[in-house]
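The structure under discussion appears below in the form of structure tokens.
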Amino acid sequence: MIEQPAVKERTHSENSAHEKEYLGWGQIEGLVDRLLEQLPRDYDVLMAVTRGGLVPAGLIAEKINQRNVMVAAVMFYTSEGETLDEPVFLQFPSDALLTRKRVLIIDDIWDSGRTAMGVKERVEAAGGEAEIAVLHYKPHHSVYEEKPDYYVVETDRWIVYPWEPTDG
């Protein structure tokens with residue numbers, strides 16, 4: 034497979050990790066369109082990572098007419114906001130659904146990378162071939178040398194997506 038150039042856009046400043054960037058629905062559609070420009074169309078399965086990956090995965094599925102969309106329900110944070118040592122898989126497709134399948138794992142953001150990589154490891158353990166696509170990649174927060182196979186924006190900002198509840 035030919036590697037796509039990964040860095041598309043960069044936002045960074047000294048305090049950018051504390052700066053919130055609020056996105057609207059039109060911006061999400063634009064990011065999804067830019068992500069689609071990078072993606073091959075030969076995936077057998079799209080796998081949405083809950084909860085943030087549900088909307089991007091749904092939009093991608095509609096735009097490429099992919100009906101085989103699965104969900105990986107993953108918890109990495111407690112209700113008190115504490116980070117767990119390992120991901121907890123609340124729901125995951127059976128191995129039989131993933132064996133010998135090309136799977137595109139879709140999430141909204143790669144922060145530490147632990148969620149996406151945990152899902153990728155599960156897919157590969159089931160005998161599937163997995164790639165990861167996200168809208169935003171935070172290289173300075175990542176705990177992995179690897180990065181997502183496909184992403185649109187590299188940033189350090191705190192991204193607030195339109196599907197997230199707002200305070201107040």
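Here the sequence shown stands for residues 34 to 201, where the numbers follow my numbering. No residue lacks a Cβ here, since even glycine has one placed at the ideal position from N, Cα and C. Treat the numbers as computed from the prediction; the structure is a model and nothing was measured.
Nearest to Val121 by C-alpha distance, out of Phe109, Tyr184, Thr132 and Ser127, is Phe109.
With contacts defined as CB atoms closer than 8 angstroms, Pro195 and Ile61 qualify as a contacting pair.
Taking the Cα positions, Arg74 is about 29 angstroms away from Val193. For Trp58, the enclosing alpha helix (DSSP H) begins and ends at Trp58 to Leu69.
The stretch 146-160 and the stretch 66-82 touch, with no fewer than 3 CB-CB distances between them shorter than 8 angstroms. Val136 sits close to Tyr76, with the two beta carbons spaced by under 8 angstroms. In this chain, the beta strand (DSSP E) harbouring Leu79 covers Val78 to Thr83.
For the pair Asp141 and Val167, the CB atoms are nearer than the 8 angstroms cut-off. For Asp144, the closest of Val78, Thr116 and Leu64 by C-alpha to C-alpha distance is Thr116. For the 8 angstroms CB-CB criterion, Ile93 and Val65 form a contact. Per DSSP, Glu95 is one residue of the alpha helix (DSSP H) stretching across Leu87 to Ile97.
Beta-bridge partners of Ala166 (DSSP): Ile139 and Tyr183.
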